[in-house]
Amino acid sequence: MEPEEVENGGQRLTPLGPVDNPATAGVAIHENGGRSFSPLDHRSLTPAETLPSQWYRDDRIHQLERRAIFSKSWILVTHVSRFAKEGDYVAFEMANFPILGRVSRTLFLLISSDHTLRFEQNVCRHRGYPLVSKLSGCAPVIGCAYHGWCYAPADGRLVKSTHTSFPSFDPSKYSLFKIHTHVMRSGFIFVNLAVQDPPPFHGWFGDLEDKWQSFRSDDYEYAYSWTDTRFKRNWPLRTELISKQECVHCHTSHPGYAASLDLSTYAVETKTRYALHITTLKPGTEQAQSTSVGSAETEGAPSFAYVFPSNAVTVTNVLWYMMRVVPISATQTRMEYDVFKRKSISLERLRAYMQFYEKVEDEDFHLVTATQKSLNTGIYRRGSLHPTKENGVIYYQGLVRTAVEDHLAEEQRLGHEWNPAQPLSQGGGRGDTRYPETDAVCRVSCLSGAMSL
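The letter at position 439 of the sequence shown is residue 439 when you use full-length UniProt numbering, and the numbering goes up by one with no holes.
Okay, structure coming up:
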């Protein structure tokens, strides 16, 4: 039987189901009797088992995660405090997706109107060159340094181009690729890279915005950012640890936490794609007093929150900081930190407090480095998780697995890879047919590379 043709010329694959035979685990059957291999291990897991170690080292799964999670999830990127004046911009990269955020009008309107803050793909529409190369700066007009194309600050329209005086060129079709943005009342900024129909923000995170509404961000100001590029390890592994999805390891691995926090009170409350971490200080412990990001006052202990897919926020009365776990490859991650201080304290005092948290981050670095090295050997396959002490890890891994498996099922239904972040004008969408000749070559290459061993 000939393989079924789908709308854009791809071949349809049958969806994967649970497989019991280890020799054929993850095998997808073409309708013509041929076989290709899914990168996923689909054998059933109990809720208290870890993801298979393959998920922490396989590039095919990493590429699936880019399409299934980072191309269509609401992602926390920064806070409005990063922007001080008109023209300010901050460049991000998340799972190799280039993101540019900038202020197009005066800042005082920022929280009341998303239209004053624009997020766009950091890509020139001419030849794909990055519009900005610095991580942050101020530029009233966004111009490309390659061929000099320039874009209007208010709406991203192409306003200047070179060597385009020919009849078929329509500048209105070459505006920057806009990214969906949501600014919380508390100033936290989220983006969604999906080109079509991103999920409603409040449905995606439930009551997160209400939980964070009381956060008094006006009491703080942006201090500095730093990046740690040492992490040659997988992003879910780093996220599990960096966001303190469990603190069982804190007794043995974080002496500072063990000395200052009553770890017997440590609990993780899983919500809707986010989790709150609650604990108390030991009596007589001196530490930055807590404000609260979405949890009750915890007797002076810092407030921790994890936000899917790869962010965490730590808040105290002296400072707060945001962590972004940035996937680069299947086994490489970059850690980015934005630090904000209370306006009334000095930078010297801030750095003294941050030494405590930087030490914790360094301790996590060594834990994750050794774990990733072990996972790469292929000896360890999966482990067990405590249903209550490690409930945060169970919840987090379930979110990742569900997102990836659901997206893979949709790709198999379509018969080709689907990247929700790819603009429609560039061949995006579930069944685009505008570039049949060239895309046919890419489609065969993608399917053979991503779906077979």
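For each residue, glycine too, the CB sits at the ideal point set by N, CA and C.
Here Lys134 is exposed: its Cβ has fewer than 16 other Cβ atoms, across all protein chains shown, within 10 Å. According to DSSP, residue pairing for Glu49 in a beta bridge involves Ser384. Taking Arg157 as the centre and dropping the five residues before and after it, the same chain places the C-beta of Tyr151 and Ser175 closer than 7 angstroms to its C-beta, in chain order.
Under the 8 angstroms Cβ criterion, the stretch 59 to 70 does not count as touching the stretch 117 to 126, having fewer than three qualifying pairs. Cα atoms of Gln245 and Val393: separation of roughly 5 angstroms, rounded to the nearest angstrom. Annotation for Gly137: the continuous beta strand (DSSP E) segment containing it runs Ser136 to Cys138. Gln121: not part of any alpha helix (DSSP H); member of the beta strand (DSSP E) spanning Leu117 to Gln121, first to last residue. Counting C-beta atoms within 10 angstroms of its own C-beta, Arg273 has 16 or more neighbours from the protein chains shown and is therefore classed as buried. In terms of CA proximity to Thr333, Val325 leads the group Phe340, Val325 and Val339. Shortest Cα-Cα distance from Ala330 to any of Lys373, Phe356 and Val318 involves Lys373. Boundaries around Ile189 are those of the beta strand (DSSP E), Phe188 to Asn192, since no alpha helix (DSSP H) includes it. Judged by their CB atoms, Val318 and Ile345 are nearer to each other than the 8 angstroms cut-off. With respect to the 8 angstroms criterion, Arg382 and Thr162 are not classified as neighbours on the basis of their beta carbons. Residues of the same chain with a CB within less than 7 angstroms of the CB of Glu390, apart from the 5 flanking positions on each side, are Glu246 and Val248 in chain order. Secondary structure note for Gln397: it is in no beta strand (DSSP E), and the uninterrupted alpha helix (DSSP H) holding it is Asn391 to Leu414. The Cβ atoms of Leu367 and Ser253 sit closer than 8 angstroms to each other. Residue state for Val80 is assigned as helix, using DSSP reduced to three classes.
Between Asn234 and the set Gly398, Lys211, Glu86 and Ser310, the nearest pair of CA atoms involves Ser310. Secondary structure of Lys282 (DSSP, three-state): coil.
The three-state reading of DSSP puts Tyr337 in strand, counting E and B together.
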